Amino acid sequence: MRQEPAVIDVHCHILPGLDDGAHTFETAIEMARAAVAGGTRAIVCTPHHLNGVYKNPGNLIRHALADLQQRLADADITLGLFPGAEIHLVPEAPSRVLDGSALTYNDRGKAALVELPKNVVPRGAEVLLGQFLRHGITPVIAHPERNLVLARRPQRLAEWIDWGCKVQLTAQSCSGDFGERLQGLSRRWLESGWVHLIASDAHRPTGRSPDTLSAARARVVEWLGEEAASLLTLDNPRRLLDGEDLIALAPCITAEKTPAESDWMRFLPWRRRAQ
Ligand SMILES: [Fe+2]
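If you read the sequence shown in this note's numbering, its first letter stands for residue 39, the second for the next number, and so on.
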């Protein structure tokens with residue numbers, strides 16, 4: 039059997055019974071097997087937090103993770119699990135991260151996975167992102183390509199990137215499973231150097247599965263080469279787990295599609311150049 043290149047998945051709903059991802063340990067173990075078959079060496083477990091349905095405080099996630107890690111060991115599955123959360127961008131999100139009740143990536147207090155609703159950018163989004171940044175926490179924007187407002191007006195996302203926010207695309211957007219429009223958008227953003235991470239956002243052992251990451255990686259190799267694909271699926275995920283700054287891709291398409299900030303934006307106190 040062909041060995042898939044190694045990847046680390048930084049967005050996955052594998053912890054059972056906490057959200058709309060895996061419902062049972064059996065399903066979680068099936069997801070783990072699919073992940074390993076796709077080359078995944080480690081998964082950051084990112085249950086929904088404060089999305090209006092699920093709260094999932096940090097301690098609950100830590101305990102669920104320890105349980106599942108033990109079950110994986112019992113089943114002889116070699117897959118590292120790390121703590122995290124997918125935090126809905128609501129007014130209390132920054133304070134929940136700062137008081138430790140919402141988990142940052144690998145509990146390091148350096149970067150947090152932040153989710154927007156599908157159809158809108160919430161009022162005050164820029165203020166909330168600014169609060170994260172002012173406190174030294176890097177917002178990693180979960181799948182902005184699937185947000186209707188940002189897809190129509192990517193300049194707004196470019197401004198966030200310019201302040202220091204990072205971008206995570208869903209693997210299936212890149213691989214084409216979510217249609218040509220999302221795939222084309224994902225490719226343009228990758229070529230613009232806007233994307234820092236690709237992750238599965240898996241919820242199931244098949245379909246929205248952890249092994250979708252390997253198909254996305256293969257597509258990025260075609261578009262941007264091996265080095266870029268490794269940066270987005272292995273090197274930057276490692277840096278995230280270690281609490282280090284993420285590395286940006288070099289843009290490879292024309293200047294008019296790269297970020298340009300509004301004049302007034304440059305005076306915002308949290309603005310800083312992306313690394
Ligand atoms: Fe998710």
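Beta carbons: idealized from backbone N, C-alpha and C, even for Gly. Quick caveat, the model's predicted, so the values are computed rather than measured.
So which of the options has the shortest CA-CA distance to residue i?
i	options	result
residue 165	131, 75 and 219	131
residue 103	242, 50 and 89	50
residue 191	52, 112, 159 and 254	159
residue 245	72, 44, 64 and 43	72
residue 314	150, 91, 74 and 218	No answer is possible for residue 314: it lies beyond the span of the chain, which begins at 39 and ends at 313.
residue 42	169, 173 and 248	248
residue 140	253, 92 and 198	92
residue 235	123, 255 and 127	255
residue 48	288, 209 and 253	209
residue 65	242, 145 and 288	242
residue 178	143, 110, 211 and 224	143
residue 125	46, 181, 291 and 250	181
residue 211	120, 253 and 108	253
residue 207	200, 221 and 198	221
residue 120	291, 90 and 281	281
With a CB to CB cut of under 8 Å and the five nearest residues on each side skipped, what residues in its chain are close to residue i?
i	result
residue 62	54 and 55
residue 156	184, 185 and 186
residue 46	78, 79, 80, 81, 82, 271, 272, 275, 276 and 279
residue 134	87, 88, 125 and 140
residue 112	none
residue 291	226, 229 and 230
residue 194	159, 187 and 188
residue 300	Summary for residue 300: the model assigns pLDDT 45, below 50, so the residue's position carries little reliability, and this model does not support an answer.
residue 129	162 and 166
Return the Cβ separation of residue i and residue j in integer angstroms, given the expectation that the two are a contact with Cβ distance under 8 Å.
i	j	result
residue 205	residue 232	6 Å
residue 317	residue 78	The chain is shown only over 39 to 313; residue 317 falls outside these bounds and no answer can be derived.
residue 196	residue 278	Between residue 278 and residue 196 the Cβ distance is about 21 Å, and since that is not below 8 Å, they are no contact.
residue 251	residue 266	Going by Cβ atoms, the distance from residue 251 to residue 266 rounds to 15 Å, so no, they are not a contact pair.
residue 96	residue 138	6 Å
residue 240	residue 52	7 Å
Can you list, in chain order, the residues of its chain whose CB lies under 7 Å from that of residue i, leaving out five sequence neighbours each side?
i	result
residue 127	152, 153, 154, 160, 163 and 166
residue 189	183 and 223
residue 293	Caution is warranted here: a pLDDT of 42 is assigned to residue 293, below 50, making its placement in the model unreliable, and the coordinate value is therefore given only provisionally. No residues qualify anywhere along the chain.
residue 107	119
residue 219	none
residue 33	The first residue shown for the chain is 39 and the last is 313, placing residue 33 beyond what the model contains.
residue 136	173
residue 76	42, 248, 249, 251 and 252
Who are the near neighbours of residue i in its chain, counting only those whose CB is closer than 6 Å to its CB and skipping five residues on each side?
i	result
residue 110	70 and 117
residue 284	204, 234, 274 and 277
residue 145	121
residue 305	Summary for residue 305: the model assigns pLDDT 47, below 50, so the residue's position carries little reliability; its value from the coordinates is reported in the next sentence. Excluding residues within five positions, none has a Cβ falling inside 6 Å.
Shorter than 8 Å from the beta carbon of residue i to some beta carbon of chain C?
i	result
residue 197	Absent from the structure is chain C; it holds one protein chain and no more.
Open item on the list: With three or more C-beta pairs closer than 8 Å as the rule, is the stretch 259–272 touching the stretch 50–63?
Closed with: no
TODO: Could you say if the stretch 253–266 and the stretch 218–233 meet the contact criterion of at least three C-beta pairs nearer than 8 Å?
DONE: yes
- [ ] Count the CB pairs spanning the stretch 208–217 and the stretch 172–179 that are closer than 8 Å, and state whether there are at least three.
- [x] no
TODO: Return the chain-ordered ranges of every alpha helix (DSSP H) run that is complete within the stretch 179–235 and spans a minimum of 4 residues.
DONE: 186–190, 192–201, 209–213 and 218–229
Task: Runs of beta strand (DSSP E) lying entirely within the stretch 70–112, each at least 3 residues, in chain order - done: 78–83
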